[in-house]
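Everything in the sequence shown is counted per this note's numbering, starting at 605 for the first residue and increasing by one. The next block holds one structure in the form of structure tokens; read it before the comments.
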Amino acid sequence: MTGRPDRTVPPPAGEPPRLVSPHWLSRRLANGLRIEISTRSRTPDVALRLVVEAGAGTTPPEESGLATLAGKLPVEGAGGRSSSEMAEWLDTMGAAFACLTSYDDAVLSMHTLSDQFSGALEFLATVARVPDFEPHDVKRVRELRLDRIRRRQDEPAEIASTHLAEAVYGAHPYGVPLTGTLESVARLGTRELAAFWTGRVRPAAATLVICGDIDPAQAFHDIERHFGDWTGPETTVESVPPIADRPVRSGEILLVDRPASRQTELRVAGIGLARGASDEIPLLMMNAILGGLFNSRINLNLREDKGWTYGARTMFVQRRAAGPFVLRTAVDTDVTTRAYEQIRREFKAMRESHPTDDELSFAANALTLSLPLQFETAGQIAGRRVETVTYGLPDDYWETFPEAVRAVTAEQVTAAARRYLDSAGLVLIAVGDVARFADELSSLGTVQVLPAGVPVQTTP
605 MTGRPDRTVP PPAGEPPRLV SPHWLSRRLA NGLRIEISTR SRTPDVALRL VVEAGAGTTP
665 PEESGLATLA GKLPVEGAGG RSSSEMAEWL DTMGAAFACL TSYDDAVLSM HTLSDQFSGA
725 LEFLATVARV PDFEPHDVKR VRELRLDRIR RRQDEPAEIA STHLAEAVYG AHPYGVPLTG
785 TLESVARLGT RELAAFWTGR VRPAAATLVI CGDIDPAQAF HDIERHFGDW TGPETTVESV
845 PPIADRPVRS GEILLVDRPA SRQTELRVAG IGLARGASDE IPLLMMNAIL GGLFNSRINL
905 NLREDKGWTY GARTMFVQRR AAGPFVLRTA VDTDVTTRAY EQIRREFKAM RESHPTDDEL
965 SFAANALTLS LPLQFETAGQ IAGRRVETVT YGLPDDYWET FPEAVRAVTA EQVTAAARRY
1025 LDSAGLVLIA VGDVARFADE LSSLGTVQVL PAGVPVQTTP
């Protein structure tokens, strides 16, 4: 019958969505506080992000957990208000607050309605400038953290991740958990936490990012009123310590024993790259083809073809200094060695042969077509701006990202694989019933068996 569409043929694809980068107004107060404002009138809300130099990447391993615990405390009491009074203050504004601490920075994040903007600024200034660090709050939050660490010690995935970090980075801030250890957190008291916060959270090293339905002129006026007289020590935070080209335990197979485990948690890791590195885009493409997507090679192999796992993924965790490359999966105990052999085979194939045109196209589409969806809300837009601030990315980074991705060649992908997937520069962590696979794995490399909970001892 004529006049009806042929539903056996998919309609042609339209033009890919185009990302239009938000416009940012920049200013710096006399005290050094950098301000970035972008207006967005689609909804009557506003997102605020105060970025401060209170990350964990420059604290020594023996003080692990200091940065994240310090970031949890200001909202528990500041400016003479108790924890319950701070919560009530947020409720009256209909606002949400969180302090998110990474290895690179701490971000004090707020979201509220536009007509509560001035109140949100006052709340943010109070938390940043005059936290109380009352001993009873410190004790309560510290005990909650210790309980969390104890619970994680019995989780195979957490055990694998903890051993992985130390095997890759050794005695480096990146080699210990952000949350800290039982020993390091137990030593943290009011004095240490308050000193860390007051020494790191200062206007000369902070940026206030704001996006939402606000008037910029009025916003700058309100910011000056709440932050203009903010002062802080004129100290300089040390840079992240140097990182070696290869993991501390390169080429080794480290087994953590959990007798009678039905599954094995597998991690393969190496040294990746810093955010904004020159080969960042080819590496993102390589990772998308290898294991960064559901339809990537490793997941299609281990899950779809072999049926050994619910999922296998690879990622390059990018930080100011070189973050880790990580493959993570969990497989049935009986196929532990065979799964690792397949992983090695996929790494070898990435190093030795170019990806197909279809793989390049699929990876590029996956990395770019959804990008405009990541700039829809005020919070998303502010979050992306925080990335450019923290890592010193160009202002047009996201606008030029799709073109840069689609310009990547098969040769560049292979070159990235040869640099970052060298088997001699990787380490395997396997958490499970090692009696059932240790002998098999020993044929693939140097094996060390560890009981659960015993840290990897780094070599000099």
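Backbone N, C-alpha and C define an ideal beta-carbon position, used for all residues, glycine too. Model, not experiment: these values are computed from the prediction.
Determine the extent of the beta strand (DSSP E) in which Arg949 is found, giving its start and end residues. First-last for Arg949: 940 to 956, but that is the alpha helix (DSSP H), not the beta strand (DSSP E).
I'd like the list of long-range same chain contacts for Thr766, defined as Cβ closer than 7 Å, with 5 residues on each side in sequence excluded. Cβ neighbours of Thr766 within its own chain (closer than 7 Å, five residues either side excluded): Pro781.
Got a sec, what are the start and stop residues for the beta strand (DSSP E) Arg632 sits in? Counting along the chain, the unbroken beta strand (DSSP E) around Arg632 starts and ends at 629 to 632.
Stretch pair the region 630 to 644 + the region 956 to 972: three plus CB contacts closer than 8 Å: No contact exists between the region 630 to 644 and the region 956 to 972.
So if DSSP puts Val1053 in a beta bridge, which residue, or which two residues, is it bridged to? DSSP, once it has assigned bridges, lists Leu859 as partnering Val1053.
Measuring CB atoms only, is the region 694 to 705 touching the region 635 to 643, in the sense that at least three cross pairs come out at less than 8 Å? Output reads no: the region 635 to 643 does not touch the region 694 to 705.
What residue range does the beta strand (DSSP E) around Ser642 cover? Per DSSP, the unbroken beta strand (DSSP E) holding Ser642 starts and ends at 638 to 643.
DSSP beta-bridge partners of Gly1036: DSSP, once it has assigned bridges, lists Asp861 as partnering Gly1036.
Among Arg924, Phe898, Arg871, nearest to Ala878 - alpha-carbon criterion: Taking Ala878 as reference, the option from Arg924, Phe898, Arg871 with the minimal CA-CA separation is Arg924.
Continuous alpha helix (DSSP H) assignments of at least 4 residues falling wholly in the region 964 to 1041: Runs of the alpha helix (DSSP H) inside the region 964 to 1041: 982 to 995, 1001 to 1010, 1014 to 1024.
For Ala724, I'd like the list of residues in its chain whose CB is within less than 8 Å of its CB, leaving aside the five on either flank, ordered along the chain. Answer for Ala724: Val650, Leu652, Met697, Ala699, Met714, Thr716, listed in chain order.
State the start and end residues of the unbroken alpha helix (DSSP H) segment that holds Ile763. For Ile763, the uninterrupted alpha helix (DSSP H) segment begins and ends at 760 to 773.
Over the uninterrupted alpha helix (DSSP H) stretch that includes Asp751, give me the two end residues. Taken as a continuous stretch (DSSP letters only), the alpha helix (DSSP H) holding Asp751 covers 739 to 756.
Taking C-alpha atoms, which residue in Thr972, Arg988, Gly1049, Glu991 lies nearest to Arg1066? Past the edges of the chain, shown from 605 to 1064, lies residue 1066, and the structure says nothing about it.
What's the gap between the Cα of Ala1039 and the Cα of Leu750? In a straight line, the C-alpha of Ala1039 is about 31 Å away from that of Leu750.
Within 10 angstroms of the Cβ of Tyr914, are there 16 or more other Cβ atoms? Answer buried if so, exposed if not. With fewer than 16 other Cβ atoms within 10 Å, it is exposed.
Alpha carbon to alpha carbon, how far is Pro928 from Thr960? Approximately 26 Å, taken between the alpha carbons.
Just how far apart, CA to CA, sit Arg804 and Gln978? Spanning the alpha carbons of Arg804 and Gln978 requires a straight line of approximately 30 Å.
Candidates Gly779, Leu768, Phe920, Val844: closest to Val860 by CA position: With distances taken between Cα atoms, Val860 lies closest to Leu768.
Pull up the CB-CB distance for Gln922 and Gly876, whole angstroms please, since I reckon it's below 8 Å. That pair is a contact at about 7 Å.
If you measure between the beta carbons of Arg862 and Val1035, is that distance less than 7 Å? For the 7 Å CB-CB criterion, Arg862 and Val1035 form a contact.
Taking only runs that begin and end inside the region 689 to 731, name each unbroken beta strand (DSSP E) of 3 or more residues, in chain order. Listed in chain order, the complete beta strand (DSSP E) runs (minimum 3 residues) inside the region 689 to 731 are 700 to 705, 710 to 717.
Mapping DSSP to helix, strand and coil, what is Ala1131? Any question about residue 1131 goes unanswered here, given that the chain covers just 605 to 1064.
Return the Cβ separation of Asp1037 and Thr933 in integer angstroms, given the expectation that the two are a contact with Cβ distance under 8 Å. Contact doesn't hold; Cβ gap of about 17 Å is too wide.
Check the C-beta distance from Ile885 over to Gly895 and give it rounded, since I have them as a contact under 8 Å. About 17 Å; that fails the 8 Å criterion.
Assigned secondary structure, Phe898 (DSSP; H/G/I helix, E/B strand, else coil): Here Phe898 sits in coil by DSSP.
Quick one: using the 10 Å Cβ neighbour count with 16 as the cut-off for buried, is Thr1004 buried or exposed? With fewer than 16 other Cβ atoms within 10 Å, it is exposed.
Label Val1051 either buried or exposed according to how many other C-beta atoms from any shown protein chain fall within 10 Å of its C-beta, with 16 as the threshold for buried. By the 10 Å Cβ count, Val1051 comes out buried.
If contacts are defined as beta-carbon pairs under 8 Å, then Ala810 and Val656 qualify, I think. What distance do you get, rounded to the angstrom? A Cβ-Cβ separation of about 5 Å places Ala810 in contact with Val656 under the 8 Å criterion.
Leaving out five residues before and five after Ala761 in sequence, what residues of the same chain have Cβ atoms less than 7 Å from its Cβ? Taken in chain order, the residues that qualify are Glu869.
Taking its Cβ as the centre, do 16 or more other Cβ atoms sit within 10 Å of Gln946, making it buried, or is it exposed? Classification for Gln946: buried.
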